[in-house]
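In the working numbering, the protein residues as written are 1 to 292. First up is the structure itself, then whatever we jot down about it.
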């Protein structure tokens, strides 16, 4: 991706917040993502993971919505950094991130969002981002600031383990989870390499395409999860296309976590924080399998 994109990462140097003094965590530091998923498993259910774009409709709203997610059944929260040229984001998320950028969102503000949520909840909070913003800020600095804000780690859709040496080192240094993606197209070799490089969980893409709510969950999702487990993944979470409790229930039968994005973004856009709380509560009803 071009470093000349007119996006939030191009404004890092002038962003508020400044550099902070981070405290490195060792590679042996417990994974916050894994702990959250394991707590859900101990309760006999899959974990619920909710996605929100940072700065939409405002930074304060993102924090409030993140807290609402955690208080209504979400175990992990993904905070997406707005980007002007998305690769895998569908129309709803594109529109939300475009609005966030138009309102002046800066990359450094993502740490305010993460800190605002982690200081008020027990949910594991990860940042989901294309790799350019991290490179522009500096991998070590970004990692240090994320850890200092209480973040669990990064989900990096366009970064593959083969090209992630700097991130692998920084994530070990600061004790951050690194979540890579696998898809129906992943070869056995690629699957194994991705599983081995990931920490916290592996993100299983259920479809080939962009994000967005769909009427049904792709039948390929179950096969991707099975392949990741067979390759050694302890925790595999499924995203793309999940929009209702029925989808959650279907995926919870075979995955360790269910990721919901577009439906929650639409909810906050249409009904604010209260709508996010209501939808999260509804989605959480699908986490526990009904006995026959």
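Using N, Cα and C, we set each Cβ at its ideal position, and we do this for glycine too.
Check whether residue i and residue j have beta carbons under 8 Å apart
i: residue 196; j: residue 232; result: yes
i: residue 204; j: residue 165; result: no
i: residue 34; j: residue 273; result: no
i: residue 144; j: residue 177; result: no
i: residue 55; j: residue 62; result: yes
i: residue 224; j: residue 242; result: no
i: residue 153; j: residue 119; result: no
i: residue 67; j: residue 121; result: yes
i: residue 182; j: residue 191; result: yes
i: residue 268; j: residue 260; result: no
Option in the options with minimal Cα separation from residue i
i: residue 107; options: 226, 134, 93, 96; result: 134
i: residue 94; options: 277, 265, 47; result: 265
i: residue 125; options: 241, 81, 131, 114; result: 114
i: residue 32; options: 64, 225, 146; result: 146
i: residue 38; options: 123, 268, 58; result: 123
i: residue 202; options: 161, 235, 167, 35; result: 235
i: residue 82; options: 103, 276, 70; result: 103
i: residue 293; options: 52, 183, 160; result: An answer regarding residue 293 cannot be provided, because it is not within the stretch 1 to 292 covered by the chain.
i: residue 105; options: 150, 139, 132, 58; result: 58
i: residue 71; options: 280, 237, 100; result: 280
i: residue 162; options: 183, 189, 66; result: 189
i: residue 139; options: 173, 120, 152; result: 173
i: residue 297; options: 282, 168, 92, 255; result: No answer is possible for residue 297: the residues shown for the chain start at 1 and end at 292.
i: residue 250; options: 287, 278, 271; result: 287
i: residue 160; options: 193, 187, 142; result: 193
i: residue 230; options: 270, 271, 187; result: 187
i: residue 170; options: 142, 271, 270; result: 142
7 Å Cβ shell around residue i - same chain, five flanking residues per side excluded
i: residue 40; result: 46, 47, 75
i: residue 285; result: 245
i: residue 110; result: 54, 79, 81, 127
i: residue 25; result: Note on residue 25: pLDDT 46, under 50, position unreliable in the model; the coordinate value appears next. Around residue 25: 147, 174, 175.
Spatial neighbours of residue i in its chain, beta-carbon cut-off 6 Å, leaving aside the 5 residues before and after
i: residue 209; result: Bear in mind that a pLDDT of 44 at residue 209, under 50, signals an unreliable position, so the model cannot answer this.
i: residue 69; result: 50, 77, 280
i: residue 130; result: 83, 158
i: residue 222; result: 254
i: residue 116; result: 63
i: residue 96; result: 53, 56, 265
i: residue 215; result: At residue 215, the pLDDT of 45 sits below 50, so the modelled position is not reliable and the matter cannot be decided from this model.
i: residue 92; result: 262, 265, 266
Contact belief for residue i with residue j at Cβ below 8 Å, rounded distance in angstroms
i: residue 128; j: residue 78; result: 5 Å
i: residue 248; j: residue 283; result: 5 Å
i: residue 184; j: residue 220; result: 4 Å
Neighbourhood of residue i by C-beta distance below 8 Å, restricted to the same chain and skipping five residues each side
i: residue 291; result: The predicted model places residue 291 with a pLDDT of 46, which falls under 50 and marks its position as unreliable, so this point remains unresolved.
i: residue 99; result: 56, 57
Checklist entry - What alpha helix (DSSP H) runs, 4 residues minimum, are completely inside the segment 38-117? => result List check, alpha helix (DSSP H) in window: 59-71, 91-102.
Item to check | Those runs of the beta strand (DSSP E) which lie wholly inside the segment 162-210 and span at least 3 residues | outcome: Correct list: 177-179, 202-205.
Checklist entry - Mind pulling the beta strand (DSSP E) runs of 3 or more residues that sit fully within the segment 243-274? => result DSSP runs (the beta strand (DSSP E)) wholly in the segment 243-274: 257-260.
Checklist entry - In chain order, which continuous runs of the alpha helix (DSSP H) of length 4 or greater are located wholly inside the segment 114-156? => result Qualifying alpha helix (DSSP H) stretches, in chain order: 131-137, 139-148.
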